[in-house]
Every structure is written in structure tokens, then in C-alpha cells.
Ligand SMILES: *Cc1c(COP(=O)(O)O)cnc(C)c1O
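Put into C-alpha cells, the structure is as follows:
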């Protein structure tokens with residue numbers, strides 16, 4: 049068996065240790081005589097799995113008491129609707145648009161009420177963050193929405209640039225959650241689809257402050273009401289049990305890597321060697337993003353000669369390096385270097401890129 053060096057944007061690489069443990073436990077989970085997929089979500093075995101997953105996540109992220117942790121379905125895309133459905137309550141909300149995902153979130157919210165664009169960096173092709181004076185906030189907004197890592201454009205908001213604005217901050221962290229320590233208390237609601245940095249697709253994580261529960265009008269579907277889901281421990285109906293189990297194994301793996309500080313150090317080194325390879329290629333490869341907001345997780349780059357793209361991808365594949373084709377909306381290449389992508393994998397990618405540039409440059 050050969051495993052590829054996997055740079056897929058999502059669903060993305062999972063830690064091999066986690067896959068092996070799941071394989072070992074697949075037919076008989078801890079003596080239950082069945083797999084996690086085959087057991088009742090209300091039985092004591094699965095209850096212990098979801099409770100452990102939540103406890104480990106709380107420990108990793110330092111989630112305070114006053115926040116609820118929800119394991120939902122529907123992906124981050126469902127949250128684009130569920131957030132305004134629950135939180136607008138007849139008011140307005142502000143959106144900062146820094147790339148394709150926040151733009152989609154803003155557009156979806158328009159279906160549910162009055163929302164404003166507080167800043168938009170599309171004129172730069174989403175290669176930078178807005179400056180403080182470009183952001184026009186409504187002090188009466190129900191919330192302010194941001195995407196803290198734009199997966200397609202490779203723009204990440206550094207933690208220290210997340211400021212208190214006086215209204216609840218709602219953040220799409222799908223593509224960099226758990227990649228660095230985060231001060232949860234700065235946020236009213238954090239959400240993430242699982243398939244980038246948490247586990248398999250099908251699970252959506254929502255961390256929500258208690259003050260934001262119970263604001264939804266009675267006209268929204270029960271299954272979309274955060275308060276109902278919180279009251280039912282994410283089990284109003286059958287949750288995505290197998291995905292929650294794998295997410296729990298990933299949380300335990302992260303604890304073995306030294307938690308979020310430990311993984312952040314590895315992530316910083318991975319990003320450093322990859323951006324160094326791009327910047328040091330003499331223009332053969334370029335990344336257009338402002339250095340102060342380059343993503344440590346998603347690294348888009350273009351070849352100076354786009355005529356070489358097909359060869360680049362074919363030769364990368366032959367070298368066992370996969371998942372590099374850029375998003376269809378921006379073209380070029382993108383390497384996603386999430387938590388489960390090792391330093392060794394990034395070294396293999398950089399080795400291939402240097403070699404290709406030397407031969408074809
Ligand atoms: C992948 C992604 C989404 C969409 O996630 P789904 O789970 O497919 O709905 C939304 N936001 C960001 C930042 C993403 O990376």
C-alpha cells in the first residue's frame with residue numbers, strides 16, 4: 049500500500065494514526081460487538097464517544113463554560129443560512145467580505161433579512177485584508193460575520209487582528225480551526241465544516257455563546273434552532289455518529305501533538321518552507337497575497353507560464369504529490385497544508401517544486 053502526499057482542499061488528509069485506530073476498532077468498538085456506525089446514538093457507548101469528543105475539544109480550544117458545543121449536519125454552507133435564521137431577529141447584520149466563502153455567506157444571509165457589507169476587498173482580487181478605516185460597522189448590528197481563513201484565496205486573519213467591535217463576532221473557521229490557539233471569548237459563534245481540519249465530511253461544528261441561544265423565531269424549522277439542538281445535546285435527531293467518532297479520534301491525536309500550540313508550531317514551519325520555495329523561485333511560482341495575511345493552511349500559487357500547468361500536475365502526480373489543482377474560480381495551483389499534512393509531506397512537495405522549476409524554468 050502506498051499513501052499519496054495529499055494536498056487536497058477538502059475533504060482532506062486525515063492523520064494516518066487516526067485511520068489505523070478506526071480500522072482496528074471498526075468491526076468491534078471497545079467490546080461492543082459492533083462498529084460505531086451500527087450502534088444506537090442514545091446508548092451508553094455512543095454517549096461516551098460524543099461526551100469525550102466534546103471534553104477533548106473544550107480542552108484543546110479552551111472553550112469556557114458559557115459556550116455550547118454543537119455537532120450538526122449540513123456543512124458550513126448550511127450555517128450561512130442557519131446563522132441569520134437564528135440570530136437576525138428582525139435586525140441587521142454586518143459582513144466583511146474577504147474571499148469567496150465570506151461572499152457566499154453574505155449572499156445567503158440576504159435571503160433572511162437586512163444585512164450589510166461592512167468591507168469588501170474584491171477590488172484587490174481578495175489578496176489582502178481591509179484596513180481598519182475601510183471597515184464601516186453598524187454599532188446596532190445583530191452580529192458581525194467574518195471568514196477567518198479564506199480557503200480559496202489563501203487569506204487568513206492573524207489572531208491579533210481580531211478586535212472587539214461591541215457586537216457578537218461570528219466566524220467561519222472551516223479551513224483553519226484547531227490549527228493554532230484561539231481566544232474563544234472574542235467570538236459569539238464559531239463554526240466549521242469538519243472535512244478540512246476536524247474529520248470526515250458530514251459533521252459541522254458550532255461553538256456558540258449561551259447569550260445567542262433562544263433568539264430564533266418560531267417559524268424556523270426545529271432542527272435549525274440552535275437552542276433546541278443545545279437543549280438536546282446535538283441529538284434532537286440522529287447525529288452524524290461515525291463522523292463525530294472520527295473527529296473525537298482527531299482531537300485525541302491533536303492532544304498527543306502538544307495541543308494547538310504544538311500543532312501551530314509545526315504548521316508555521318510547513319508554511320514557512322512552502323512560501324520560501326515560492327518566493328525564492330525567481331518568479332517561476334508566485335503567490336499574490338499580502339505577506340501579513342498569507343494563510344498557513346491554504347497556499348495558492350501560479351506558475352509564470354500557465355502553459356506548464358498540465359505538466360506540473362502530471363509530474364506531481366507521478367511523484368505521489370496530489371490535490372494541487374487550484375479552485376476552478378481562480379485557477380493555478382493550491383496546496384492545502386492542514387494539520388494532518390505532515391512536515392515531511394510539505395518537504396516532499398517543496399522538493400518536487402524546486403526540481404520542476406530547475407528543469408523547466
Ligand atoms: C469548505 C468551506 C465551506 C463550505 O463547507 P461545506 O461543508 O462544503 O458546506 C465554507 N467556508 C469555508 C471557509 C470553507 O473552507
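Residue numbers (this note's numbering): 49 to 409. Here a beta-carbon is modelled for each residue, glycine too, at the ideal position from N, C-alpha and C.
Spatial neighbours of residue i within its chain, please: C-beta separation below 8 Å, excluding the five flanking residues on both sides.
{"i": "residue 327", "result": "335"}
{"i": "residue 285", "result": "271"}
{"i": "residue 352", "result": "331, 332, 333, 334"}
{"i": "residue 396", "result": "53, 367, 368, 369"}
{"i": "residue 242", "result": "248, 249, 250, 251, 252, 253, 291, 295"}
{"i": "residue 175", "result": "169, 201, 203, 336, 337, 338"}
{"i": "residue 106", "result": "117"}
Tell me the rounded alpha-carbon separation between residue i and residue j.
{"i": "residue 348", "j": "residue 52", "result": "20 Å"}
{"i": "residue 314", "j": "residue 155", "result": "35 Å"}
{"i": "residue 135", "j": "residue 79", "result": "43 Å"}
{"i": "residue 385", "j": "residue 373", "result": "14 Å"}
{"i": "residue 277", "j": "residue 112", "result": "19 Å"}
{"i": "residue 194", "j": "residue 152", "result": "11 Å"}
{"i": "residue 60", "j": "residue 406", "result": "29 Å"}
{"i": "residue 389", "j": "residue 232", "result": "25 Å"}
{"i": "residue 378", "j": "residue 202", "result": "11 Å"}
{"i": "residue 322", "j": "residue 394", "result": "7 Å"}
{"i": "residue 57", "j": "residue 82", "result": "32 Å"}
{"i": "residue 304", "j": "residue 68", "result": "15 Å"}
{"i": "residue 137", "j": "residue 261", "result": "12 Å"}
{"i": "residue 132", "j": "residue 310", "result": "35 Å"}
{"i": "residue 267", "j": "residue 273", "result": "10 Å"}
{"i": "residue 123", "j": "residue 219", "result": "14 Å"}
{"i": "residue 198", "j": "residue 312", "result": "18 Å"}
{"i": "residue 145", "j": "residue 183", "result": "10 Å"}
{"i": "residue 371", "j": "residue 222", "result": "18 Å"}
{"i": "residue 413", "j": "residue 401", "result": "Coverage of the chain is limited to positions 49 through 409, which leaves residue 413 absent and any answer about it impossible."}
{"i": "residue 185", "j": "residue 265", "result": "25 Å"}
{"i": "residue 300", "j": "residue 104", "result": "7 Å"}
{"i": "residue 62", "j": "residue 344", "result": "17 Å"}
{"i": "residue 427", "j": "residue 209", "result": "The structure shown has nothing for residue 427, since the chain only spans 49 to 409."}
{"i": "residue 287", "j": "residue 89", "result": "7 Å"}
{"i": "residue 297", "j": "residue 224", "result": "18 Å"}
{"i": "residue 408", "j": "residue 364", "result": "13 Å"}
What are the boundary residues of the alpha helix (DSSP H) that includes residue i?
{"i": "residue 95", "result": "92-109"}
{"i": "residue 360", "result": "357-366"}
{"i": "residue 323", "result": "307-327"}
{"i": "residue 67", "result": "64-73"}
{"i": "residue 303", "result": "289-304"}
{"i": "residue 128", "result": "123-135"}
{"i": "residue 151", "result": "148-157"}
{"i": "residue 399", "result": "391-408"}
{"i": "residue 278", "result": "274-279"}
Could you give the residue range of the beta strand (DSSP E) that holds residue i?
{"i": "residue 162", "result": "162-168"}
{"i": "residue 255", "result": "252-257"}
{"i": "residue 144", "result": "140-145"}
{"i": "residue 220", "result": "217-220"}
{"i": "residue 119", "result": "115-120"}
Hey, is residue i close to ligand 3, as in C-beta under 7 Å from one of its heavy atoms?
{"i": "residue 124", "result": "With respect to ligand 3, the structure shown offers nothing to examine, as its ligands consist of ligand 1."}
Suppose the cutoff is 6 Å on Cβ atoms and the five residues either side in sequence are ignored; what does the same chain contact list for residue i look like?
{"i": "residue 192", "result": "142, 213, 215, 217"}
{"i": "residue 410", "result": "With the chain covering 49 to 409 only, the question about residue 410 has no answer from this structure."}
{"i": "residue 118", "result": "254, 277, 282"}
{"i": "residue 102", "result": "117"}
{"i": "residue 318", "result": "385, 391, 394"}
{"i": "residue 32", "result": "One cannot answer for residue 32 here, as it falls past the ends of the chain, which runs 49 to 409."}
{"i": "residue 381", "result": "349, 372, 374"}
{"i": "residue 275", "result": "261, 262"}
Considering only DSSP beta bridges, list what residue i is partnered with.
{"i": "residue 240", "result": "253"}
{"i": "residue 53", "result": "369"}
{"i": "residue 342", "result": "203"}
{"i": "residue 348", "result": "382"}
{"i": "residue 198", "result": "203"}
{"i": "residue 333", "result": "351"}
{"i": "residue 261", "result": "BP columns for residue 261 are empty, so no partner."}
{"i": "residue 226", "result": "DSSP, once it has assigned bridges, lists no residue as partnering residue 226."}
{"i": "residue 192", "result": "142, 217"}
Going by beta carbon distance, what residues of the same chain come within less than 7 Å of residue i, once the five residues before and after it are set aside?
{"i": "residue 114", "result": "257, 258"}
{"i": "residue 120", "result": "252, 254, 277, 282"}
{"i": "residue 357", "result": "351"}
{"i": "residue 230", "result": "109, 207"}
{"i": "residue 383", "result": "55, 322, 347, 372, 397"}
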